[in-house]
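Position one of the sequence shown corresponds to residue 16 (the working numbering), numbered consecutively onward.
Beta carbons are placed, not taken as given, at the ideal position from N, Cα and C, and that holds for glycine.
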Amino acid sequence: MENAGDPPGGNDLGDFLRARRAALDPHQVGLPDDGRLRRVAGLRREELAQLAHVSIDYVVRLEQGRTRRVSRPVLDALADALQLAPDERAYLFAVADVPQAAPARQPARRKIDPQLQQLLDGMHDIPAMVLNRRMDVLAWNRGAAALLTDFAALPAHERNLIRLTFLDDAYRALYADWPRAARECVAVLRMEAGRNPNDRALTDLVGELTVRDPDFRTWWGSHQVRGPRQLTKTYRHPVIGTVTLDVQQFSVDTQPDQQLVAYTPPPGSPSQEALRFLLQWSADPAAQPGDHTTDQDRSR
16 MENAGDPPGG NDLGDFLRAR RAALDPHQVG LPDDGRLRRV AGLRREELAQ LAHVSIDYVV
76 RLEQGRTRRV SRPVLDALAD ALQLAPDERA YLFAVADVPQ AAPARQPARR KIDPQLQQLL
136 DGMHDIPAMV LNRRMDVLAW NRGAAALLTD FAALPAHERN LIRLTFLDDA YRALYADWPR
196 AARECVAVLR MEAGRNPNDR ALTDLVGELT VRDPDFRTWW GSHQVRGPRQ LTKTYRHPVI
256 GTVTLDVQQF SVDTQPDQQL VAYTPPPGSP SQEALRFLLQ WSADPAAQPG DHTTDQDRSR
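In structure tokens:
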């Protein structure tokens, strides 16, 4: 039977199962109303066990962290029962203690190849940057600095898009819909934390944000996850006003933990004209002094 007093926390797998179970309406999975008072939101443990064709005791042990090794067929059954989206299913497999088909991932690099920096610098009409899996900003071009923030003015450890989203008031004010953008950041970070549980820098980032921002703390506890996908973001820029841009994300073949991110406006749109003005404005040394030198530039 369900025990509403079970303490939360202790293992990512159990926490995720509880969160997804609580978020699922019993009617979504075709369960009839049995007339019993529901002491918790969503599915009961016995209902999840029934749908996944496992014992109630097994579900309890999974959620309490007393069983860590789970077979792939059982994970598939749990994912089907919980109606997990593809990103959520991938996260479930990442946090479960199952044999990994691929070798362990290496620590995320903080430098980029010179050829990639050259590509960034050549993208005169497109704001662009290179991120690692923690959303650390490894390099950027003049357009990205003009659109988002002067990354060169920040200490290296503060050049992180998720950290800026929650802890930098000026960066936060750029978003026309900050709660939506912030939730997406948390979901991306939660996915990476599941894939890379031994990444100390990622763990430290989560710890800092959990302590310093109550919204992050709440959304982190919801266990929402999201992988890469097509995004459109609207910014309220102090120079050009409201601008809507598509966020293009490209993997870097030579460094799998890095991605090139570019911001492009719809052709012929007011946003395209506004972005063109911003880039021209930022190109004027008198109007926009400063430098976009990266850590890698300084080490050359």
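Secondary structure of residue i, DSSP reduced to three states
| i | result |
| --- | --- |
| A116 | Reliability of the predicted coordinates at A116 is poor, the pLDDT of 45 falling under 50, and the value obtained from them is presented with this limitation in mind. Coil, per DSSP. |
| A345 | Coverage of the chain is limited to positions 16 through 315, which leaves residue 345 absent and any answer about it impossible. |
| V254 | coil |
| Q295 | helix |
| Q132 | helix |
| Q43 | helix |
| Q263 | strand |
| G137 | helix |
| L90 | helix |
| T233 | helix |
| T180 | helix |
| L246 | strand |
Same chain, Cβ closer than 7 Å to residue i, five either side skipped, listed in chain order
| i | result |
| --- | --- |
| A34 | S237 and H238 |
| V74 | R60, L63 and A64 |
| P41 | L58 and E62 |
N-terminal and C-terminal residue of the beta strand (DSSP E) that residue i is part of
| i | result |
| --- | --- |
| A277 | Q270 to T279 |
| L153 | V152 to W155 |
beta-carbon residue i near the ligand SAM non-hydrogen atom, thresh 8 Å
| i | result |
| --- | --- |
| L260 | The ligand content of the structure shown is nil, which means the ligand SAM is not present either. |
Residue interval of the alpha helix (DSSP H) (run including residue i)
| i | result |
| --- | --- |
| F108 | P101 to V110 |
| V226 | R215 to R227 |
| L32 | D27 to A38 |
| Q65 | R60 to A67 |
Same chain, Cβ closer than 6 Å to residue i, neighbours up to 5 away in sequence not counted
| i | result |
| --- | --- |
| L246 | V262 |
| A196 | Y190 |
| A289 | I255 and V258 |
| M144 | V152, W155, A159 and V276 |
| A286 | Residue identity check: residue 286 is Ser in the sequence provided, not Ala. So the list reads V258, T259 and P280, once near-sequence residues are dropped. |
| A298 | none |
| P142 | G158, A159, L162 and Y278 |
Cutoff 8 Å; reference residue i; Cβ partners in own chain excluding five residues on either side
| i | result |
| --- | --- |
| A56 | A37 and A38 |
Rounded distance between the beta-carbons of residue j and residue i, thought under 8 Å
| i | j | result |
| --- | --- | --- |
| D27 | G209 | 6 Å |
| V240 | E78 | Rounded, the Cβ-Cβ distance is 18 Å, inconsistent with contact. |
Touching or not, the region 255-263 and the region 201-216, by the rule of three or more beta carbon pairs under 8 Å? Because the criterion of three Cβ pairs below 8 Å is not met, the region 255-263 and the region 201-216 do not touch.
Do three or more CB pairs link the region 213-222 to the region 273-281 at distances below 8 Å? No, they do not touch.
| request: Give a yes or no on contact between the region 180-192 and the region 243-258, applying the rule of three or more CB pairs nearer than 8 Å. | output: With a cut-off of 8 Å, the region 243-258 and the region 180-192 count as touching, because enough Cβ pairs lie within range.
task = Taking 8 Å as the threshold, find out whether the region 172-182 comes into contact with the region 219-236 through three or more Cβ pairs.
result = Verdict: yes, contact present.
**Item:** the region 125-137 contacting the region 153-161, beta-carbon criterion three pairs below 8 Å
**Value:** Yes, the region 125-137 is in contact with the region 153-161.
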